[in-house]
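First residue of the sequence shown? That's 3 in the numbering used here, and the numbers climb one at a time after it. Just so it is clear, CB atoms sit at the ideal spot from N, CA and C, and this is done for glycine as well. None of the values given here were measured: they were computed from a predicted structure.
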Amino acid sequence: MAAITLSELTKVYATGVKALDSLDLEVADGEFVVLVGPSGCGKTTALRMVAGLELITSGTVSFGGRVVNAVSPRHRDVAMVFQNYALYPHLSVYENIGFALENKKVAKVERDRRVRDAASVLGLTELLGRKPRQLSGGQRQRVAMGRAIVREPAVFLMDEPLSNLDAKLRVQMRSEVLRVQRSLGAATLYVTHDQTEAMTMGDRVAVLRGGVLQQYGTPRDLYDRPENVFVATFIGSPSMNLYEAGVGAAGASGTTPTVALGSQRLTLPAPVAARVAGYQGRKIIVGVRPEDLAVSSGAGPGAALVADVRRVEVLGSEQHVYFSVDATPAGGAGTGAASADEAGAADILGGSAPNGVARVDPRSAVAVAVAVRAGRRVTFAVDPAGCTSSIPTPAARSADPGV
3 MAAITLSELT
13 KVYATGVKAL
23 DSLDLEVADG
33 EFVVLVGPSG
43 CGKTTALRMV
53 AGLELITSGT
63 VSFGGRVVNA
73 VSPRHRDVAM
83 VFQNYALYPH
93 LSVYENIGFA
103 LENKKVAKVE
113 RDRRVRDAAS
123 VLGLTELLGR
133 KPRQLSGGQR
143 QRVAMGRAIV
153 REPAVFLMDE
163 PLSNLDAKLR
173 VQMRSEVLRV
183 QRSLGAATLY
193 VTHDQTEAMT
203 MGDRVAVLRG
213 GVLQQYGTPR
223 DLYDRPENVF
233 VATFIGSPSM
243 NLYEAGVGAA
253 GASGTTPTVA
263 LGSQRLTLPA
273 PVAARVAGYQ
283 GRKIIVGVRP
293 EDLAVSSGAG
303 PGAALVADVR
313 RVEVLGSEQH
323 VYFSVDATPA
333 GGAGTGAASA
343 DEAGAADILG
353 GSAPNGVARV
363 DPRSAVAVAV
373 AVRAGRRVTF
383 AVDPAGCTSS
393 IPTPAARSAD
403 PGV
């Protein structure tokens with residue numbers, strides 16, 4: 003039985019704004035599930051409804067099969083870690099961690115045991131006598147987690163707990179949060195807008211947009227098999243290159259489909275050709291991950307894309323090559339799409355703005371030989387394995403372009 007079950011969970015505010023629309027979600031016992039999406043997508047609202055801090059318009063929240071809609075927050079057996087630490091500045095670390103237990107009149111011996119056990123798990127034993135002002139940001143966040151741990155809840159709820167930390171500390175704290183959660187084995191709902199956190203921490207990830215669940219699955223599923231254009235562009239950095247395209251026939255028999263991207267025609271590997279065979283004569287959306295584009299010498303079999311390089315970002319072990327092709331970007335601009343400034347500059351310089359990006363190993367022999375730089379025309383080989391990971395068109399919306 004799932005530890006947390008959300009069934010058709012809906013929230014409509016008095017103003018008529020629908021913050022959450024029929025959310026269905028299950029979190030297994032001990033599972034770490036991440037709610038991710040852009041600001042205003044409803045993820046924090048969902049978390050607050052699970053905690054009992056937000057009234058439910060319709061639908062149900064269940065813990066272990068028991069509906070808790072009418073149960074007060076203090077009796078839901080949940081512990082919540084917020085974005086701000088909310089520590090009492092006049093209390094020591096020991097007193098902050100044990101504050102809730104003292105309020106609940108837990109016996110002093112038991113309270114001391116729980117506080118010291120939590121401090122040991124979080125590496126705070128040597129800091130129990132300090133005040134919050136004497137702690138670093140990461141230490142304060144661990145104290146906030148300790149305050150939740152001592153309650154020994156069945157469910158953990160975390161609302162962007164790492165967003166106030168610097169980038170390096172966030173990476174360290176991801177491992178810390180996961181280590182603590184695994185040691186306790188509690189079902190956890192974690193909210194973030196950072197897709198890197200979602201992908202590295204979640205056993206499963208729920209992607210929300212406008213209050214509607216877009217896809218729920220493992221990080222690998224979301225990356226390799228996105229169910230729609232939004233998930234394809236939201237998951238992955240740089241995001242997937244998406245273009246409008248047409249499917250036509252090629253070869254003597256006229257049965258082997260090819261894909262037309264602007265003036266270019268891609269020859270597809272067999273698995274992808276079979277997938278798009280039913281779309282001949284129709285418009286589709288082609289998606290290619292940046293890492294599935296490799297600088298090519300221009301020779302050799304397989305799908306290839308000729309592009310004009312507009313700028314190159316050197317990141318040490320890799321470089322991002324922003325390019326333009328004469329194909330129409332689909333589903334809104336992704337990472338490689340042009341900003342207004344870039345578009346204006348492209349007009350002045352007589353070129354076109356970038357509408358795609360490739361992640362390239364600058365140390366590869368071909369990349370060195372071709373000398374990729376702005377202003378050059380480059381051929382990218384398209385990895386057939388990447389091509390097989392495409393976005394299905396739901397049968398109920400067969401009139402829409404497929405991917």
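Cross-strand partners of residue i (DSSP beta bridge)
i: M160; result: V83, Y192
i: G289; result: L244
i: R115; result: Bridge partners of R115: none, in fact.
i: A296; result: A383
i: F325; result: V311, G358
i: S9; result: T62
i: V316; result: Q321
i: R2; result: For the chain, the structure presents residues 3 to 405; residue 2 sits outside this window and is missing.
i: P273; result: DSSP output for P273 lists no bridge partner at all.
i: A306; result: A383
i: P331; result: Y245
i: G250; result: T260
Beta carbon of residue i nearer than 8 Å to that of residue j
i: M82; j: D161; result: yes
i: A169; j: F158; result: no
i: P155; j: A188; result: yes
i: L89; j: A146; result: yes
i: L49; j: L57; result: no
i: R313; j: P364; result: no
i: T12; j: G61; result: yes
i: P163; j: Q136; result: no
i: V362; j: V297; result: yes
i: D31; j: A5; result: yes
i: V95; j: L130; result: yes
i: C43; j: G213; result: yes
i: V384; j: V290; result: yes
i: G250; j: Q282; result: yes
i: V308; j: R379; result: yes
i: A332; j: T381; result: no
i: V152; j: A102; result: yes
i: F236; j: Q197; result: yes
i: V278; j: L268; result: no
i: T190; j: V35; result: yes
i: S74; j: T7; result: no
i: G100; j: V111; result: no
i: R115; j: E104; result: no
i: V370; j: S299; result: no
i: P259; j: A275; result: yes
Environment of residue i [buried if 16+ CB atoms lie within 10 Å]
i: D328; result: exposed
i: G204; result: buried
i: R68; result: exposed
i: V141; result: First, the residue type needs correcting, since residue 141 is Gln and not Val in the sequence shown. Looking at its Cβ environment, which holds 16 or more other Cβ atoms inside 10 Å, Q141 is buried.
i: D26; result: exposed
i: N98; result: buried
i: R406; result: Only positions 3 to 405 of the chain appear in this structure, which leaves residue 406 out of reach.
i: Q174; result: exposed
i: K45; result: buried
i: A234; result: buried
i: R76; result: exposed
i: A373; result: exposed
i: G148; result: buried
i: P91; result: exposed
i: A120; result: buried
i: E128; result: exposed
i: G39; result: buried
Cβ-based neighbour list, residue i, same chain, cut-off 7 Å, excluding 5 preceding and 5 following
i: S41; result: H195
i: V14; result: K20, T59
i: G338; result: The predicted position of G338 is uncertain, since its pLDDT is 47 and thus under 50; a value taken from the coordinates is nonetheless stated next. Closer than 7 Å at Cβ, skipping near neighbours: P240, N243, Y324, P356, N357, G358, V359.
i: A376; result: V311, R312, R313, V314
i: S185; result: V123
i: G139; result: N166, L167, L171
i: R284; result: V249
i: Q321; result: V314, E315, V362, P364
i: T47; result: K13, A21, L22, E56
i: I350; result: Below a pLDDT of 50, predicted positions are generally treated as unreliable, and I350, at 39, falls in that range; the measurement from the model is reported next regardless. Cβ neighbours of I350 beyond the five flanking positions: none.
i: P29; result: The displayed chain sequence assigns Val, not Pro, to residue 29. Cβ within range, chain order: A4, A5, I6, V35, A189, L191.
Residues near residue i in its chain [Cβ-Cβ closer than 6 Å; skip 5 each side]
i: E229; result: Q217
i: S165; result: Q85
i: V263; result: Here residue 263 is Leu; the residue named in the question, Val, does not match the sequence. The residues are Y245, A247, A329.
i: S24; result: E10, T12
i: Y192; result: V36, M160
i: A292; result: Residue identity differs from the one stated: residue 292 is Pro in this sequence, not Ala. Counting only Cβ-Cβ distances below 6 Å, and skipping sequence neighbours, we find P240, V359, A360, R361.
Ordered list of beta strand (DSSP E) runs contained in the region 128 to 174, each at least 3 residues = Whole beta strand (DSSP E) segments, 3+ residues: 157 to 161.
4 or more residues per run - each alpha helix (DSSP H) lying fully within the region 14 to 78 | Taking 4 residues as the shortest admissible run, the region 14 to 78 contains the following complete alpha helix (DSSP H) segments, listed from N- to C-terminal end: 45 to 53.
Every unbroken alpha helix (DSSP H) within the region 196 to 221, with a cutoff of 4 residues, ordered by chain = The qualifying runs are 197 to 203.
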